[in-house]
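Trainee: Could you have a look at this structure, given as structure tokens, before my questions?
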Amino acid sequence: MSAYKYKSRIEAPIINVRLRKRYLQGNFPVASVGPNIEYLYHVEKLGDNPDILSEIANGNHKFCELLSAAQSPMLIIGQDALVRDDSESVLVLAGKIAEKFNMVRDDWNGFNMLHKAAARVGGLDTGLFLKKAKGILIKYWNMQKVVK
Numbered sequence: 001m002s003a004y005k006y007k008s009r010i011e012a013p014i015i016n017v018r019l020r021k022r023y024l025q026g027n028f029p030v031a032s033v034g035p036n037i038e039y040l041y042h043v044e045k046l047g048d049n050p051d052i053l054s055e056i057a058n059g060n061h062k063f064c065e066l067l068s069a070a071q072s073p074m075l076i077i078g079q080d081a082l083v084r085d086d087s088e089s090v091l092v093l094a095g096k097i098a099e100k101f102n103m104v105r106d107d108w109n110g111f112n113m114l115h116k117a118a119a120r121v122g123g124l125d126t127g128l129f130l131k132k133a134k135g136i137l138i139k140y141w142n143m144q145k146v147v148k
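Read in order, the letters of the sequence shown are residues 1 to 148 in full-length UniProt numbering.
Structure representation (structure tokens):
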């Protein structure tokens with residue numbers, strides 16, 4: 001599993017506990033690209049430079065060997081990575097990594113984005129969006145042909 005700009009202990013404590021539980025079962029290498037954060041399990045810190053993602057996407061990083069060997073590789077992107085000036089390129093590289101290492105397939109989805117606001121994710125799941133119209137945010141439901 002690899003993570004980019006993801007502070008699990010702060011942003012998602014329940015996910016962090018589940019990752020730690022799986023790590024303690026063995027044979028679960030974890031790596032992080034981003035700030036140097038203390039975890040309650042071993043995390044190989046690859047650095048804080050987004051160029052590392054490019055190296056992984058191109059297959060030129062030492063962690064690629066572990067990702068290639070993984071049965072169910074996973075990538076978690078923290079929301080902080082998606083609000084940077086270069087967030088578009090970070091997301092494109094993450095997508096390339098997910099594709100290269102077969103992280104998304106019929107029986108597995110290992111490409112994850114962590115949102116800081118769970119309610120926002122719930123709203124997206126139910127079809128609630130925010131639309132800006134004439135400077136006013138209007139909430140509306142995306143009802144797919146509910147009314148005939």
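C-beta: ideal position from N, C-alpha, C; glycine also.
Everything numeric in this text was worked out from a predicted model, so none of it was measured.
Would you please verify whether the beta carbon of residue 108 is less than 8 Å from any beta carbon of chain C?
Mentor: In the structure shown, chain C cannot be found, because there is only a single protein chain.
Trainee: Which residues does DSSP pair with residue 119 in a beta bridge?
Mentor: Partner(s): none; residue 119 has no beta bridge.
Trainee: Looking at C-alpha atoms only, which residue of 49, 18, 21 and 56 is the closest neighbour of residue 81?
Mentor: 49
Trainee: Does the Cβ of residue 76 lie closer than 7 Å to at least one heavy atom of the ligand GDP?
Mentor: As far as ligands go, the structure on display features none, and thus does not contain the ligand GDP.
Trainee: Who are residue 104's beta bridge partners in DSSP?
Mentor: 109
Trainee: Between which two residues does the beta strand (DSSP E) carrying residue 32 extend?
Mentor: 31-33
Trainee: With residue 76 as the anchor, note down where its alpha helix (DSSP H) starts and where it stops.
Mentor: No alpha helix (DSSP H) contains residue 76, which is instead part of the beta strand (DSSP E) from 75-78.
Trainee: Is residue 46 closer than 8 Å to residue 31 when the C-beta atoms are compared?
Mentor: yes
Trainee: How long is the line joining the alpha carbons of residue 38 and residue 60, rounded to whole angstroms?
Mentor: 26 Å
Trainee: Assuming residue 66 is part of the beta strand (DSSP E), what are its boundary residues?
Mentor: Element bounds for residue 66: not the beta strand (DSSP E) but the alpha helix (DSSP H), 64-69.
Trainee: Consult DSSP for residue 99 and reduce its assignment to one of helix, strand or coil.
Mentor: helix
Trainee: For residue 53, count neighbouring Cβ atoms within 10 angstroms of its own Cβ and tell me buried if that reaches 16, exposed if not.
Mentor: Flag for residue 53 reads buried.
Trainee: Ignore the nearest five residues each way along the sequence and tell me which others in residue 41's own chain have a CB closer than 8 Å to its CB.
Mentor: 19, 20, 23, 24 and 30
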